[in-house]
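Reviewing the structure listed below.
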């Protein structure tokens, strides 16, 4: 028998324990701030009490359809009321939300529906043609619920989203999950080199990352948040749940460009938004016609490729306060943040931007962040130079890959989640990415970071976008090859850009070849380096 006095009569019970789940955030927002605006979707505005009531009714309707624990419900919709509400209504029914990338082709959407064993599909009417093509590819019938503006007439035997809510039971007794480890959502990776993997999130991780977003970004109560980041991308980095915790306002943006972003900021008083570096390029290069003056500072959280220091400096000069984060689908979106030190405020603009371009330190809800030897799992030296693989451990790491135990075990080797990203750890415990393991360039036995070359080229005013990959070389093994998209009206030659690189980088790191043109991207806006590697390998010597 144990001698631990804290084990007697102090067990968990209904009075002192409940599973952590972001679903409680919605109930609290509706109770405390019932009349505060929750969602703005074009000309529709809903309060928190309305959103809660609608989600309860939808959950009851799903339950009446026989959907519950262990069932997948897929959503194919742009940033909208239906996409936002689905982050609550579907798990309130005990089911698992599968938000699908709206930019995927029909075959990939069909694969996701089949692999995830989806029981129901909620679709925005703007995606009708894609949906009809997808349904024709499936080996089974999946009921469809149509949402969004347009005719309320059901199509192809489907149902209308708002009609289903109207007929739902407002007294439905939804419950928190019995176990916070239960799945809340299923997200699929980009799948640029094959079929995507299904990443499973649990309620506990969604709750904790939602809170970490708020605490790490120092978000106030009632923020006004602009949805430029797709809600289908890592569940909008968990911000649908963060905004309920803070009783904020979600302003949905369907058509994303510099003009609509500036208009939304001006019209709604936006103070926070998230997005990939491509959004920063839109804003920096906006025309005078699209640009509007900011009435106050606007905070932006950005991830994906490390933002070049020059881009960060340009954003700050225009009134946008950029916070750099880093994460993966497997870590609920952002799990690392470049936490700011007040002493850095005194730095010159370029030095300040250099600090901001580092990925940073672990989120509050992440137990461990390190740079380790890929084979042994041993931590690398914290010297800012020793290259290793970035690893994660903690509550905001995925449950694993759906129906793929082999890939899950490979990702979780050595007691960590192994990201595949290469980086260094600085002596102040801030990590900095150097490359994906497959993107590092080995030239004459020397490791060359493609990110370092890209950062240099981004500083040139003529460069809008750049990606650097390895090109096979008989003598050196590999040499850097840069693919560059020029800014409008830019007039510069390949030789001039190479000279610029040689003036700012060690010569062995400079690209030997620069190719001008549009860069291929995934459906989420990430540059497809594998296509560029193929193109570089096919170029004449």
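In my numbering, the protein residues as written are 247 to 787.
Ideal Cβ placement from N, Cα and C applies to all residues, glycine included.
Since the model is a prediction, treat every value here as computed from it, not as a measurement.
Assess, as a yes-or-no matter, whether the segment 632-639 is touched by the segment 698-717 under the definition of 3 or more beta carbon pairs within less than 8 Å. no
Which whole-angstrom value is the C-beta distance of residue 485 and residue 520, which I expect to be below 8 Å? Residue numbering aside, residue 485 sits at position 239 when the chain shown is read from its first letter. Residue numbering aside, residue 520 sits at position 274 when the chain shown is read from its first letter. Their Cβ separation, rounded to whole angstroms, is 7 Å, which keeps residue 485 and residue 520 in contact under 8 Å.
Element boundaries [alpha helix (DSSP H), containing residue 534]: Residue 534 sits at position 288 when you count from the first residue of the chain shown. Careful: residue 534 lies outside any alpha helix (DSSP H) and carries neither H nor E.
For a test of the three-state rule: what should DSSP assign to residue 753, helix, strand or coil? In the chain shown, residue 753 corresponds to position 507, counting from 1. Looking at residue 753 - three-state DSSP - the assignment turns out to be helix.
What would DSSP say about residue 575, mapped onto helix, strand or coil? On the chain shown, residue 575 is found 329 positions in, with the first residue counted as 1. Helix.
Is residue 715 a contact residue of the ligand GDP, with contact defined as CB to any heavy atom under 7 Å? Looking at this structure, you won't find the ligand GDP or any other ligand, since it has none at all.
Say whether the segment 489-497 touches the segment 284-300, bearing in mind that this needs 3 or more beta-carbon pairs closer than 8 Å, one atom from each stretch. yes
Going by DSSP in three states, residue 386 sits in which element: helix, strand or coil? Here residue 386 corresponds to residue number 140 of the chain shown, with the count starting at 1. Reduced to three states, the DSSP call for residue 386 is coil.
Within its chain, find whatever has a CB closer than 7 Å to the CB of residue 536; leave out the 5 residues flanking it on each side and keep chain order. One-based indexing of the chain shown puts residue 536 at position 290. For residue 536, where only same-chain residues beyond five positions count, the Cβ hits under 7 Å are 504, 505, 508.
Skipping 5 residues on each side, what residues in its chain have a beta carbon closer than 6 Å to that of residue 398? Here residue 398 is taken as the residue at index 152 of the chain shown, counted from 1. Any reading at residue 398 needs caution, since the residue's pLDDT is 48, under 50, leaving its predicted position unreliable; the model's value is listed next. 406.
The alpha helix (DSSP H) spanning residue 320 covers which residue range? Mapped onto the chain shown, residue 320 falls at position 74. Taken as a continuous stretch (DSSP letters only), residue 320 belongs to no alpha helix (DSSP H), being part of the beta strand (DSSP E) at 318-322.
Beta bridge counterpart(s) of residue 693 as assigned by DSSP: The residue you call residue 693 lines up with position 447 of the chain shown. Residue 693 pairs with 688.
Among the candidates 279, 540, 764, 333, whose CA atom is the shortest distance from the CA of residue 296? On the chain shown, position 50 is the one that residue 296 refers to. The shortest C-alpha separation from residue 296 is found at 279.
Going by other Cβ atoms of all chains shown within 10 Å of its Cβ, with 16 needed for buried, is residue 277 buried or exposed? Against the chain shown, residue 277 aligns to sequence position 31. Exposed, by the Cβ-count rule.
Measure the C-alpha to C-alpha separation of residue 429 and residue 640 and round it to an integer number of angstroms. The residue you call residue 429 lines up with position 183 of the chain shown. The residue you call residue 640 lines up with position 394 of the chain shown. Looking at the two C-alpha atoms, the distance is approximately 16 Å.
What does DSSP give as the partner residues of residue 671 in its beta bridges? Taking the first residue of the chain shown as 1, we reach residue 671 at position 425. In DSSP, residue 671 forms a bridge with 677.
Residue 701 - DSSP class collapsed to helix/strand/coil: In the chain shown, residue 701 corresponds to position 455, counting from 1. The answer is helix: DSSP assigns residue 701 an H, G or I state.
Between residue 444 and residue 453, how many whole angstroms is the CB-CB distance? I'm expecting something under 8 Å. To locate residue 444, count along the chain shown from 1; it is residue 198. To locate residue 453, count along the chain shown from 1; it is residue 207. With a Cβ gap of about 21 Å, residue 444 and residue 453 do not count as contacting.
Residue 512, enclosing alpha helix (DSSP H) - first and last residue: Position 266 of the chain shown, counting from 1, holds the residue named residue 512. Start and end: 504-514.
Pull up the CB-CB distance for residue 682 and residue 666, whole angstroms please, since I reckon it's below 8 Å. Here residue 682 is taken as the residue at index 436 of the chain shown, counted from 1. Here residue 666 is taken as the residue at index 420 of the chain shown, counted from 1. That belief holds up - the Cβ atoms of residue 682 and residue 666 are roughly 6 Å apart, short of 8 Å.
Alpha-carbon spacing of residue 438 relative to residue 779, whole angstroms: As a working note, residue 438 is residue 192 in the chain shown. As a working note, residue 779 is residue 533 in the chain shown. Confidence at residue 438 is low in this model, with a pLDDT of 45, below 50, so its placement is unreliable and no value can be given for it.
Grab the span of the alpha helix (DSSP H) containing residue 357 for me, first residue to last. Translated into the one-based positions of the chain shown, residue 357 becomes position 111. Segment 352-361, the alpha helix (DSSP H) holding residue 357.
For residue 363, which residues in the same chain have their Cβ closer than 7 Å to its Cβ, ignoring the five residues on either side in sequence? Your numbering for residue 363 matches position 117 in the chain shown. Only 318 meet the Cβ criterion.
Between residue 304 and residue 522, what straight-line distance do the alpha-carbon atoms span, to the nearest angstrom? Sequence index remark: in the chain shown, residue 304 carries index 58 (1-based). Sequence index remark: in the chain shown, residue 522 carries index 276 (1-based). Distance between the alpha carbons of residue 304 and residue 522 is about 32 Å.
Beta-carbon gap between residue 562 and residue 568 smaller than 8 Å: Here residue 562 corresponds to residue number 316 of the chain shown, with the count starting at 1. Here residue 568 corresponds to residue number 322 of the chain shown, with the count starting at 1. Their beta carbons are under 8 Å apart, which means residue 562 touches residue 568 by this criterion.
Work out the CA separation of residue 336 and residue 382 for me, nearest whole Å. Here the question's residue 382 lines up with position 136 in the chain shown. Here the question's residue 336 lines up with position 90 in the chain shown. When rounded, the distance between both Cα atoms is 25 Å.
Can you say whether residue 755 is buried or exposed, counting buried as having 16 or more other CB atoms within 10 angstroms of its CB? Counted from its first residue, the chain shown places residue 755 at position 509. Buried.
Just the Cα atoms here: how many angstroms apart are residue 357 and residue 659? Here residue 357 refers to the residue found at position 111 when the chain shown is read from its first residue. Here residue 659 refers to the residue found at position 413 when the chain shown is read from its first residue. Rounded to whole angstroms, residue 357 to residue 659 spans 28 Å at the Cα level.
According to DSSP, is residue 259 helix, strand or coil? Within the chain shown, numbered from 1, the residue matching residue 259 stands at position 13. DSSP places residue 259 in coil when its eight states are reduced to three.
Any chance the segment 384-393 sits against the segment 337-347, with 3 or more Cβ pairs inside 8 Å? no
Below 8 Å between beta carbons: does that hold for residue 465 and residue 514? The sequence position of residue 465 within the chain shown is 219, counting from 1. The sequence position of residue 514 within the chain shown is 268, counting from 1. Cβ atoms of residue 465 and residue 514: not closer than 8 Å.
What whole-angstrom Cβ distance do residue 512 and residue 559 have, given they're in contact under 8 Å? Along the chain shown, read from residue 1 onward, the residue named residue 512 stands at position 266. Along the chain shown, read from residue 1 onward, the residue named residue 559 stands at position 313. Incorrect: roughly 24 Å between the Cβ atoms, too far for contact.
On a Cα-Cα basis, can you pick out the residue from 587, 320, 272, 599 that is closest to residue 334? In the chain shown, counting from the first residue as 1, residue 334 sits at position 88. Ranking the options by Cα distance to residue 334, first place goes to 272.
Report back the beta-carbon spacing between residue 360 and residue 384 to the nearest angstrom; my notes put them in contact at under 8 Å. As a position in the chain shown, residue 360 is number 114, starting the count at 1. As a position in the chain shown, residue 384 is number 138, starting the count at 1. Indeed they touch by this definition, with Cβ atoms about 7 Å apart.
Bridge-paired residues (DSSP) for residue 718: On the chain shown, residue 718 is found 472 positions in, with the first residue counted as 1. Residue 718 is bridged to 724.
Residue 471 by DSSP, collapsed to three states: which one? Locating residue 471 in the chain shown gives position 225, counting from the first residue. Strand, per DSSP.
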